[in-house]
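If you're matching positions, the sequence shown starts at 4 in UniProt numbering and goes up one per residue.
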Amino acid sequence: PRLWLIIPAAGAGKRMNSARPKQYLSLRGSLILDLAIESMSDCFASDNTALAGCIVAISVDDPWWCDTRASQNDRVTSVTGGQERADSVLAALDALDGQAGPDDWVLVHDAARPCLHPDDLNRLLTELKDHQVGGLLAAPVTDTLKKTAAGGQDVLETVDRSQLWRALTPQMFRFGILRCALKSALAAGLPVTDEASAVEQAGYFPCIVEGRPDNIKITVPADLALADFVLSRF
Ligand code: C5P
4 PRLWLIIPAA GAGKRMNSAR PKQYLSLRGS LILDLAIESM SDCFASDNTA LAGCIVAISV
64 DDPWWCDTRA SQNDRVTSVT GGQERADSVL AALDALDGQA GPDDWVLVHD AARPCLHPDD
124 LNRLLTELKD HQVGGLLAAP VTDTLKKTAA GGQDVLETVD RSQLWRALTP QMFRFGILRC
184 ALKSALAAGL PVTDEASAVE QAGYFPCIVE GRPDNIKITV PADLALADFV LSRF
């Protein structure tokens, strides 16, 4: 099977309070989107014939895409994303229709995750190589978890964290299964905050591959300094 890369980059990043979406902020002299794509560069290596192409989903009125290194790469194409992250990923999958086979692999990686370590990517690729469905990088939950009523402050219970994971990206699924699952979940109006949740709702069991907790998603301003520190230690 061949390997395709999808980068959802159509978000507005409102929690950043910045003039431009977070994936277009600068970090260590590069745009975050470029760092995220280049963190997948093991798939881009010239001796890796498996990588078939990379699709980046951007918003309809995006003036920043043309400033990226990625937009100059002839193996990268852009498509218009959608309202939610899942709509953007589905738009990219639709663009692969007719090119990708049902058993081809699709790796989805957030444009806002510049700190993916190459060891994690390699472990994901190796551990899922023969899997029928696919899976995701995830990190064990380390904090103690409390549950309240929606919007409430009274602690109702402490949730057992021993079986809980934080879902990260990349997430890696068979093209046919992922496209079908995302379409059905979105049509049914189910909440889809990552690829795995759609695949679960379709009745499959995505496989968890333990990843480093420092593969953070840039969300709030303080994450920029944290990401800078993480990258300085790679
Ligand atoms: O908003 P959040 O941090 O969950 O976004 C995760 C990733 O999904 C980001 O890279 C963002 O650009 C992307 N996204 C998208 N289309 C949307 C919303 C978010 O591609 N409608």
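Glycine is no exception: its CB is placed at the ideal position from the N, C-alpha and C atoms.
The Cβ atoms of Leu167 and Val195 lie no closer than 7 Å to each other. Between the alpha carbons of Asn20 and Gln26 lies a distance of about 13 Å. Taking 7 Å as the cut-off, the beta carbon of Pro117 is found closer than this to the beta carbon of Leu38. For Pro121, the enclosing alpha helix (DSSP H) has its first and last residue at Pro121 to Leu131. In the DSSP assignment, Ser33 is bridged to Leu30.
The alpha carbon of Thr172 has as its nearest neighbour, out of Thr129, Ser29, Leu110 and Ala201, the alpha carbon of Leu110. Taking a C-beta distance under 7 Å as the contact criterion, Thr71 and Leu30 do not qualify as a contact pair. Annotation: Ile221 to Pro24 spans about 11 Å, alpha carbon to alpha carbon. Between Leu119 and Val158, the alpha-carbon positions lie close to 35 Å from each other. At least one heavy atom of the ligand C5P is found less than 6 Å from the C-beta of Asp113.
Counting other Cβ atoms within 10 Å of its Cβ, Ala73 reaches 16 or more and is therefore classed as buried.
A distance criterion of 6 Å places the beta-carbon of Pro194 beyond contact range of the ligand C5P, judged by its closest non-hydrogen atom. The ligand C5P has no heavy atom closer than 6 Å to the beta-carbon of Pro216. Of the heavy atoms belonging to the ligand C5P, at least one sits nearer than 6 Å to the Cβ of Gly14. Under DSSP, Cys210 shares a beta bridge with Gly138. Here Val162 is actually not in contact with Arg18; their C-beta atoms are around 24 Å apart, not less than 8 Å. At least 7 Å separates the beta-carbon of Asp231 from that of Leu124.
With a cutoff of 7 Å on beta-carbon distance, Ile61 and Ala13 are scored as near each other.
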